[in-house]
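The structure appears below as structure tokens.
There are 2 protein chains.
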Amino acid sequence: MTDPHVVLLVGGVGGAKLAVGLAAHLPPEGLTIVVNTGDDFEHWGLHVSPDLDTVMYNLAGVANPEMGWGLAGDTLEALGMMTRYAGPSWFRLGDRDLATNLLRTAALRRGETLTAVTRTLSAALGVAHPILPMSDQPAPTVLDTDQGPLAFQEYFVRERWQPVVRAIRLGGVEAAPSPQVMAAFEQATAVVLGPSNPYLSIDPILALPGIRSQLASSGAPCLAVSPIIGGQAVKGPAAKLMAELGQDVSSFGVAEHYEDILKGIILDDVDQDECPSIEALGIRTISRPILMNTPADKARLGREMLEWIQELTP
Amino acid sequence: MTDPHVVLLVGGVGGAKLAVGLAAHLPPEGLTIVVNTGDDFEHWGLHVSPDLDTVMYNLAGVANPEMGWGLAGDTLEALGMMTRYAGPSWFRLGDRDLATNLLRTAALRRGETLTAVTRTLSAALGVAHPILPMSDQPAPTVLDTDQGPLAFQEYFVRERWQPVVRAIRLGGVEAAPSPQVMAAFEQATAVVLGPSNPYLSIDPILALPGIRSQLASSGAPCLAVSPIIGGQAVKGPAAKLMAELGQDVSSFGVAEHYEDILKGIILDDVDQDECPSIEALGIRTISRPILMNTPADKARLGREMLEWIQELTP
Numbered sequence: 000m001t002d003p004h005v006v007l008l009v010g011g012v013g014g015a016k017l018a019v020g021l022a023a024h025l026p027p028e029g030l031t032i033v034v035n036t037g038d039d040f041e042h043w044g045l046h047v048s049p050d051l052d053t054v055m056y057n058l059a060g061v062a063n064p065e066m067g068w069g070l071a072g073d074t075l076e077a078l079g080m081m082t083r084y085a086g087p088s089w090f091r092l093g094d095r096d097l098a099t100n101l102l103r104t105a106a107l108r109r110g111e112t113l114t115a116v117t118r119t120l121s122a123a124l125g126v127a128h129p130i131l132p133m134s135d136q137p138a139p140t141v142l143d144t145d146q147g148p149l150a151f152q153e154y155f156v157r158e159r160w161q162p163v164v165r166a167i168r169l170g171g172v173e174a175a176p177s178p179q180v181m182a183a184f185e186q187a188t189a190v191v192l193g194p195s196n197p198y199l200s201i202d203p204i205l206a207l208p209g210i211r212s213q214l215a216s217s218g219a220p221c222l223a224v225s226p227i228i229g230g231q232a233v234k235g236p237a238a239k240l241m242a243e244l245g246q247d248v249s250s251f252g253v254a255e256h257y258e259d260i261l262k263g264i265i266l267d268d269v270d271q272d273e274c275p276s277i278e279a280l281g282i283r284t285i286s287r288p289i290l291m292n293t294p295a296d297k298a299r300l301g302r303e304m305l306e307w308i309q310e311l312t313p
Numbered sequence: 000m001t002d003p004h005v006v007l008l009v010g011g012v013g014g015a016k017l018a019v020g021l022a023a024h025l026p027p028e029g030l031t032i033v034v035n036t037g038d039d040f041e042h043w044g045l046h047v048s049p050d051l052d053t054v055m056y057n058l059a060g061v062a063n064p065e066m067g068w069g070l071a072g073d074t075l076e077a078l079g080m081m082t083r084y085a086g087p088s089w090f091r092l093g094d095r096d097l098a099t100n101l102l103r104t105a106a107l108r109r110g111e112t113l114t115a116v117t118r119t120l121s122a123a124l125g126v127a128h129p130i131l132p133m134s135d136q137p138a139p140t141v142l143d144t145d146q147g148p149l150a151f152q153e154y155f156v157r158e159r160w161q162p163v164v165r166a167i168r169l170g171g172v173e174a175a176p177s178p179q180v181m182a183a184f185e186q187a188t189a190v191v192l193g194p195s196n197p198y199l200s201i202d203p204i205l206a207l208p209g210i211r212s213q214l215a216s217s218g219a220p221c222l223a224v225s226p227i228i229g230g231q232a233v234k235g236p237a238a239k240l241m242a243e244l245g246q247d248v249s250s251f252g253v254a255e256h257y258e259d260i261l262k263g264i265i266l267d268d269v270d271q272d273e274c275p276s277i278e279a280l281g282i283r284t285i286s287r288p289i290l291m292n293t294p295a296d297k298a299r300l301g302r303e304m305l306e307w308i309q310e311l312t313p
């Protein structure tokens with residue numbers, strides 16, 4: 000067997016936790032984390048990449064432990080002053096977080112790629128495992144809602160995901176995956192879909208031209224960790240969105256959504272009774288405690304995923 | 000006599016204090032503050048206008064009272080994080096101050112003029128008196144030093160004005176004063192040169208094409224407050240620079256520097272003995288306590304300047 004090379008697809012907090020769990024067991028050359036950039040947007044004139052930063056901060060061990068995103072101990076002095084200017088204050092960029100966004104924005108304006116500046120920032124924070132933005136081109140997610148079309152962060156943060164979603168437009172269909180992302184997929188011995196929002200975090204990556212065909216032609220099994228536990232999303236709008244889009248709000252619904260690419264899914268012990276119906280789709284299942292609250296939880300689930308990959312890889 | 004309209008030319012802290020002193024006695028339509036932008040530069044991808052902000056913060060009553068620049072109570076979390084990224088950390092932008100710089104930079108990128116965005120920011124902070132950048136075009140000051148050419152902030156902040164200056168190149172000679180600045184000069188009943196660095200703060204404004212000829216043809220007297228007290232600059236490199244450029248380090252030296260435009264200068268009581276030699280240049284003098292430590296100091300010197308203007312205006 001060749002050395003394992005896991006390509007992990009993630010969005011924000013949930014995916015970042017699994018990234019930490021896998022990174023605990025794999026060397027930098029054995030794990031590539033491909034991150035959704037459909038949420039990226041310009042705010043205060045800065046290029047903000049919420050998912051990239053969430054993954055980077057978690058891998059660096061500097062993420063805010065309560066929220067799972069943002070920097071531990073960060074403050075909001077700039078935001079307070081912004082409010083005094085009656086500037087936009089609905090998106091909370093912390094003061095320390097501004098340094099990340101300032102450096103990224105300046106680098107992009109100098110002509111660096113998002114991939115390059117992410118590598119520079121990650122290295123400065125001591126992150127060894129490669130974090131790759133899914134694309135170096137803009138690929139914004141837009142939601143068609145009962146309040147009209149909303150850019151991702153307008154829906155997610157400004158409107159606190161309360162509008163009813165009727166359809167999702169993925170900017171990725173018109174963007175190209177970066178060469179680094181394509182290379183990672185070509186070397187992959189397994190592809191893991193993190194416990195992230197299937198529609199808003201994973202689909203944007205899968206929508207990039209060439210990704211699905213690469214997945215289909217590669218022998219690497221595609222495995223997921225369910226983002227749904229007991230009919231609820233661990234965090235964010237996944238459950239609400241699945242219901243609005245007519246999908247069963249369950250790990251079965253997640254498996255069905257990924258049906259054409261998925262070889263197996265790890266779901267929570269409380270959802271064991273869904274295993275037979277998922278297996279009936281031709282998708283394997285194992286159940287584990289999948290809620291990751293502690294570093295030990297992350298490392299354990301990461302290890303269990305790797306053991307399962309080994310079991311499923313010829 | 001027409002209603003007075005004072006045009007005050009300033010750089011940073013010293014000039015800002017006199018602006019506050021004059022604003023205490025003049026309505027917004029009676030005072031226009033024209034601010035040096037030769038110090039403006041790009042830092043962390045932001046358009047930083049140190050003198051504009053110093054004047055704005057002082058007039059808004061939100062300046063850091065110890066330093067005279069920056070915002071009272073500001074913090075340095077972004078700077079700390081920037082250091083962690085090994086990003087440039089020699090220029091200290093506070094977290095609250097970042098809001099100002101972010102909004103300005105975004106507005107300029109949208110195509111707004113520096114004049115327009117300064118008006119918006121000032122209004123939001125409750126500043127009623129117009130603060131005008133000297134130009135809407137870049138007009139960077141470059142210093143030829145014993146360490147080679149240095150951009151203003153490299154000389155002033157990064158090198159703490161220690162290099163020996165051989166010559167000063169004013170970007171203003173190739174820029175145009177804004178229409179608002181020209182209009183203010185045309186309406187001026189008096190032009191006041193603030194107690195700012197003659198070479199680095201006032202000369203950049205006077206170097207703009209059309210300003211000196213407007214001054215010469217207008218009947219408005221040009222009066223100064225000396226930035227030198229007892230052979231020392233109140234703040235910054237004025238005295239060191241005057242010596243390096245072969246100028247007498249005194250209020251006499253300041254008066255001589257401005258000789259072709261100056262009608263009178265207020266110097267400090269401790270420098271009274273310089274009055275005869277200045278008067279011999281055809282420049283009137285009065286002596287007062289010109290060190291402005293308290294709000295009362297500023298208001299008193301402002302009142303004394305206005306009384307003198309009235310006395311000198313036919």
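In the order they appear, the protein sequences are chains A and B. Under numbering that gives the first Met the number 0, the letters of the first sequence match residues 0 to 313, in that order. Under numbering that gives the first Met the number 0, the letters of the second sequence match residues 0 to 313, in that order. In this text, a Cβ means the ideal position worked out from N, Cα and C, and glycines have one as well. On a predicted model such as this, the values are computed, not experimentally measured, just so you know.
A:V33 is the residue among A:V33, A:L266 and A:R302 whose C-alpha sits nearest the C-alpha of S134 of chain A.
One finds nothing in chain A with a Cβ atom closer than 8 Å to the Cβ of W89 of chain B; even the nearest lies about 15 Å away. Contact annotation: I308 of chain B and P27 of chain B have beta-carbon atoms that are not nearer than 8 Å. Inclusion of R165 of chain B and D145 of chain B in the CB contact set at 8 Å is warranted, their separation being smaller than that value. Not flagged as an interface residue toward chain B: W68 of chain A, since no C-beta distance is shorter than 8 Å. Taking the Cβ atoms as the reference, E76 of chain A lies roughly 18 Å from R83 of chain B, outside the contact range of under 8 Å. Annotation: P148 of chain A to A150 of chain B spans about 47 Å, alpha carbon to alpha carbon. A buried status is given to Q179 of chain B, since no fewer than 16 other beta-carbon atoms sit within 10 Å of its beta-carbon.
In its chain, beyond the 5 residues on either side, L70, A71 and L124 have a beta carbon closer than 8 Å to the beta carbon of V61 of chain B. Judged by DSSP in its simplified three-state form, V248 of chain B adopts coil rather than helix or strand. Fewer than three beta-carbon pairs drawn from the region 136-143 of chain A and the region 114-124 of chain B are found closer than 8 Å, and the two stretches are therefore not classed as touching. A direct Cα-to-Cα measurement between E243 of chain B and D143 of chain B gives close to 12 Å. Within the same chain, G193 and S195 come within 6 Å of G14 of chain A by CB-CB distance, once the 5 residues on both sides are set aside. Boundaries around L8 of chain B are those of the beta strand (DSSP E), V5 to V9, since no alpha helix (DSSP H) includes it. Contact check for Y257 of chain B against A223 of chain B passes: the beta carbons are separated by less than 8 Å.
Here DSSP, grouped into helix, strand and coil, assigns R83 of chain A to helix. If only complete runs of 4 or more residues are kept, the region 220-288 of chain B shows the alpha helix (DSSP H) at 237-243, 250-256 and 274-278, in order along the chain. Close to E153 of chain B, with beta-carbon spacing below 7 Å, lies no residue of chain A; the smallest spacing is near 17 Å. The beta carbon of R283 of chain B is closer than 7 Å to those of K262 and G263 in its chain, skipping five residues each way along the sequence. With a cutoff of 8 Å on beta-carbon distance, L113 of chain A and T31 of chain A are scored as not near each other.
Chain B places no beta carbon closer than 8 Å to that of T114 of chain A, leaving this residue out of the contacts. Distances from the alpha-carbon of V156 of chain A to those of A:W89, A:N35, A:L300 and A:V248 put A:W89 closest. Taking one beta carbon from each stretch, the region 44-56 of chain B and the region 7-24 of chain B have 3 or more pairs nearer than 8 Å; the two touch. Per DSSP, the unbroken alpha helix (DSSP H) holding I204 of chain B starts and ends at D202 to L205. If you draw a straight line from the Cα of M81 of chain A to the Cα of G170 of chain B, it comes to about 31 Å. Chain A places no beta carbon closer than 8 Å to that of T117 of chain B, leaving this residue out of the contacts. Annotated as proximal: N35 of chain B and S200 of chain B, with beta-carbon spacing under 8 Å.
With 16 or more other CB atoms across the displayed protein chains lying within 10 angstroms of its CB, R103 of chain A is buried. By the neighbour-count criterion, in which 16 or more other beta carbons inside 10 Å mark a residue as buried, A85 of chain A falls on the exposed side. From the listed residues B:L25, B:P162, B:G44 and B:Y154, the smallest Cα separation to L107 of chain B is found for B:G44. In chain order, T284 place their CB closer than 6 Å to the CB of C274 of chain A, counting only its own chain and leaving out the 5 sequence neighbours on each side. Runs of the beta strand (DSSP E) lying entirely within the region 125-171 of chain B and spanning at least 3 residues, in chain order: 130-132, 140-144, 147-150 and 164-169.
Nearest neighbour of F251 of chain A by Cα position, chosen from A:L280, A:D259, A:D268 and A:A237, turns out to be A:L280.
E111 of chain A: not part of any beta strand (DSSP E); DSSP gives it neither H nor E. Excluding the 5 residues flanking it on each side, V190 of chain B has same chain C-beta neighbours closer than 6 Å at V6, A219 and C221, in chain order. Residues of chain B with a Cβ closer than 7 Å to the Cβ of T104 of chain A are, in chain order, G44.
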